[in-house]
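Reading through the structure tokens given below for one structure.
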Amino acid sequence: MNFKISKRVFYSALNTVSRAISSNSPLPALSGIKIEVNQDSIVLTGSDSDISIQTTLKGSDEEINLIVKETGSIVIEAKYILEIVRKIDADEIELEIVDGSLTKISGMSAEFRINGMRALDYPAIDFTRPGQQFEMDADVLLKVISQTTFATSDRETRPVLTGVNMKCSGKRLECVATDSYRLARKIVDLTSENNFNITIPAKSLNEVSKTIAQDSSVLIAVSDKKAQFWIGETVIQTRLIDGAYPETARLIPTEFAHELTVDSRDMLNAIDRASFIKNEGISIVKLSANSEEVVISSKSQEVGSSVENLNILTYEGNPLEISFSGKYVFEAIRVLSATTIKILFSGEMKPFVIRNTDDDSILQLVLPVRTYS
3 MNFKISKRVF YSALNTVSRA ISSNSPLPAL SGIKIEVNQD SIVLTGSDSD ISIQTTLKGS
63 DEEINLIVKE TGSIVIEAKY ILEIVRKIDA DEIELEIVDG SLTKISGMSA EFRINGMRAL
123 DYPAIDFTRP GQQFEMDADV LLKVISQTTF ATSDRETRPV LTGVNMKCSG KRLECVATDS
183 YRLARKIVDL TSENNFNITI PAKSLNEVSK TIAQDSSVLI AVSDKKAQFW IGETVIQTRL
243 IDGAYPETAR LIPTEFAHEL TVDSRDMLNA IDRASFIKNE GISIVKLSAN SEEVVISSKS
303 QEVGSSVENL NILTYEGNPL EISFSGKYVF EAIRVLSATT IKILFSGEMK PFVIRNTDDD
363 SILQLVLPVR TYS
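Going by the numbering used here, the letters in the sequence shown line up with residues 3 to 375, in that order.
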């Protein structure tokens, strides 16, 4: 194996695939990046078994400046090759296997020799594209990810809740995340018909969001075992989470007795200030509303209390007092990216809904907290 390539392009590709690599993998080969050199391309692969990223650098792209002298393959530990390529002060670098798995990496007057691993020892990963496919603008996918993944659970006691459920029937894609205390739902209208019900790990979706550019298009391919996200010459492949996702539609109220419309920035700031007062490390915020005023308050026997009158646009309904996690409501409002929000209440101990007044595709739901005076 021997090739020359643009340092900038090569380092960027190495950095992309390295995101899938875990530093504590039980398989030594998975701590490395697999480099496959063909006559007219280089294929880089990184994986931790759950998520795999592969990118192809084609010789036909003049920006890559690829010159292949000899084909071959090698696995080099990710942290070493990334640091070496980053430190070489040259526009082009050269990689060459000089003896068995010993690899020479050079550029300008610098030369490194590093022990690699045989490509045969790298686990076989099937990147075959599944049959169910649809395209989505990158900015739409980024919104789906940012508006749902935060509501997933970080507890492995119910693995299915650590992912985002994506259910498609026809051209309607419904994306739902919940940790049992809050719920986020995003609806996307697709241009092609599909039929699937899968749950993708939140960790995998967050890696996708780090890779895609906002002005691009993403091809998504799914089966009952895996999901793929194709961005140009890069594919991110993730395993799916087994198990039936809970039926969440019944949790979302359809009738409301109280309705509050407020500037989202005012609400965020008020909750942020009230959340400073914590009780045993948890910020519980109380909302008191009537036809004349809405008050945001919090209190702690150890710390003290806060009270703030909120500037409201409209309030409809009888007087209401409800307590909730300041953190959960703050995060729910923040991801809406709204100027004005509407908060809909069914009762003091029932889940309430937060909506963007200009975007019906996104819904946030939060469970109230029972407090004792």
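Using N, Cα and C, we set each Cβ at its ideal position, and we do this for glycine too.
- Relative to Thr201, the option among Ser277, Cys170, Glu96, Ser182 whose CA is nearest is Cys170.
- In the DSSP assignment, Phe332 falls outside any beta strand (DSSP E) and lies within the alpha helix (DSSP H) extending over 328 to 338.
- Residues Thr213, Ile214, Ser218, Val220 of the same chain have their beta carbon placed closer than 7 Å to that of Ile233, with the five preceding and five following residues left out of the count.
- In the DSSP assignment, no residue is bridged to Tyr82.
- By the Cβ rule, the segment 236 to 245 does not count as touching the segment 297 to 306, because fewer than three pairs are nearer than 8 Å.
- Looking at the DSSP output, Ala112 shares a beta bridge with Gly109.
- If you keep only unbroken beta strand (DSSP E) runs of at least 3 residues inside the segment 129 to 175, you get 134 to 139.
- In summary, Gly306 is exposed, with fewer than 16 beta-carbon neighbours lying within 10 Å of its beta-carbon over all protein chains present.
- A direct Cα-to-Cα measurement between Val166 and Ser111 gives close to 49 Å.
- DSSP lists Gly165 as the bridge partner or partners of Pro203.
- Note that the C-beta distance between Ile222 and Ile53 is not below 8 Å.
- According to the DSSP secondary-structure assignment, Ile324 is paired through a beta bridge with Leu289.
- Residue range 342 to 347 is occupied by the beta strand (DSSP E) that includes Leu346, with no alpha helix (DSSP H) assigned at that position.
- Taking each of Ser325, Ile345, Ile324 in turn and checking the Cα distance to Ala334, the smallest one comes out for Ile345.
- Here Val371 carries a coil assignment [DSSP, helix/strand/coil].
- For Ala272, the enclosing alpha helix (DSSP H) covers residues 266 to 276.
- Contact between Leu84 and Ser20 holds, since their C-beta atoms are separated by about 6 Å, short of 8 Å.
- Between the beta-carbon of Lys60 and that of Ser33 there is about 27 Å, and that puts the pair past the 8 Å contact cut.
- The closest CA to that of Gly349, considering only Gln56, Thr359, Pro132, Glu261, is found on Glu261.
- With fewer than 16 other Cβ atoms from the protein chains shown falling within 10 Å of its own Cβ, Asn313 counts as exposed.
- Take Lys71, set aside five residues on each side of it, and the residues of its chain with a beta-carbon closer than 7 Å to its own are Asn4, Phe5, in chain order.
- Remark: C-beta atoms of Ile284 and Leu365 do not approach each other more closely than 8 Å.
- At a Cβ-Cβ threshold of 8 Å, Ala276 and Val287 count as neighbours.
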